[in-house]
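**Q**
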Amino acid sequence: MDQIAAEAGVSKLTVYSHFGDKETLFAAVVRSYCEQELPDSLFRTQPELPLRERLLQVARAFFAMISAPEAIAGHRILCSPRMADSPLPQLFWEAGPQRVQEAFAGLLRRRAARGELQIDDIPCAAAQFCSLLKGEPHAQLIFGCGATRSPRDIERHLAAAVDLFLRAYATPGTAGRGR
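Each residue of the sequence shown is one higher than the last, beginning at 0 in numbering that gives the first Met the number 0.
(1) Leaving out five residues before and five after A158 in sequence, what residues of the same chain have Cβ atoms less than 6 Å from its Cβ?
(2) Using the beta-carbon count (16 or more within 10 Å), is A174 buried or exposed?
(3) Pull up the DSSP beta-bridge partners for A169, would you.
(4) Hey, quick one: how far does the alpha helix (DSSP H) through M68 stretch, first residue to last?
(5) Measuring only from the beta carbon, is Y168 closer than 7 Å to any heavy atom that is part of the ligand FMN?
(6) Mapping DSSP to helix, strand and coil, what is F103?
(7) For the alpha helix (DSSP H) that contains G19, what are its first and last residues?
(8) Within the continuous alpha helix (DSSP H) that includes V57, where are the two ends?
(9) Under a Cβ-count criterion, where at least 16 other Cβ atoms within 10 Å of its own Cβ denotes burial, should L116 be classed as buried or exposed?
(10) Could you check what DSSP says for L37 in three-state terms: helix, strand or coil?
(11) Helix, strand or coil for V9? Go by DSSP, reduced to three states.
(12) So, for H156: in the same chain, excluding its five sequence neighbours on each side, which residues have a beta-carbon less than 7 Å away from its beta-carbon?
(13) Given a threshold of 16 other Cβ atoms within 10 Å of its Cβ, counted over all protein chains shown, does C33 qualify as buried or as exposed?
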């Protein structure tokens, strides 16, 4: 808290009076990071864009966010044994992944209402999409062995994840579905 107060140019008391406690500050930081990297505008329908291109835009932004060095470091810390009894992993989930999946589910609902997708369980499909995007490249980054992947390899991975998602959920004849 001392370091945060110093960086912000305020007193520690000011930080505490605004956020209340360290956990609330942590959740605010996670939410702010996700909103900055994946702003609400990214989840607007943009009907002029073919569905595949819209999903690729989301995929690229999502993967860039989760593969940033600070995100990888945070992931490792949250998965450490010392965090097992901490409220921080749950706070992280609610402020980060849950928020992103809910926003993406909204995009899916709107595209389904347009007849482009057929999804029985939209929250589940949103979670599946995020998991597909992470895939092996993210796991390798977490384990410290994925830094050698080229941007072209990442783009191929994301395109394959989007195409798989579309094969599962796109309605026949949806424009922009193919390569």
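Backbone N, C-alpha and C define an ideal beta-carbon position, used for all residues, glycine too.
This one's a predicted model, so the numbers in the text were calculated from it and none came from an experiment.
**A** Quick look at the numbers:
(1) The residue you call residue 158 lines up with position 159 of the sequence shown. The answer is none, since no qualifying residue turns up.
(2) By 1-based counting over the sequence shown, the position of residue 174 is 175. Summary for A174: the model assigns pLDDT 49, below 50, so the residue's position carries little reliability; its value from the coordinates is reported in the next sentence. Flag for A174 reads exposed.
(3) The residue you call residue 169 lines up with position 170 of the sequence shown. Checking the DSSP bridge columns, you'll see A169 partnered with L116.
(4) As a position in the sequence shown, residue 68 is number 69, starting the count at 1. First, the residue type needs correcting, since residue 68 is Pro and not Met in the sequence shown. Judged by DSSP secondary structure, P68 falls within the alpha helix (DSSP H) whose first and last residues are 68-77.
(5) Annotation note on the ligand FMN: not contained in the displayed structure, which lists no ligands.
(6) In the sequence shown, counting from the first residue as 1, residue 103 sits at position 104. Three-state DSSP puts F103 in a helix.
(7) Your numbering for residue 19 matches position 20 in the sequence shown. Boundaries for G19: no alpha helix (DSSP H) harbours it, and the DSSP string shows neither H nor E there.
(8) Here residue 57 refers to the residue found at position 58 of the sequence shown. In the DSSP annotation of this structure, the continuous segment of the alpha helix (DSSP H) that includes V57 starts and ends at 50-65.
(9) Taking the first residue of the sequence shown as position 1, residue 116 is located at position 117. Classification of L116: buried, given that the 10 Å Cβ count is 16 or more.
(10) Taking the sequence shown and counting its residues from 1, the one referred to as residue 37 is at position 38. Coil, per DSSP.
(11) As a working note, residue 9 is residue 10 in the sequence shown. Secondary structure of V9 (DSSP, three-state): coil.
(12) Your numbering for residue 156 matches position 157 in the sequence shown. Excluding residues up to 5 positions away in sequence, G134, P136 lie with their Cβ nearer than 7 Å to the Cβ of H156 in the same chain.
(13) Counted from its first residue, the sequence shown places residue 33 at position 34. If you draw a 10 Å sphere on the C-beta of C33, you find 16 or more other C-beta atoms in it, and that means buried.
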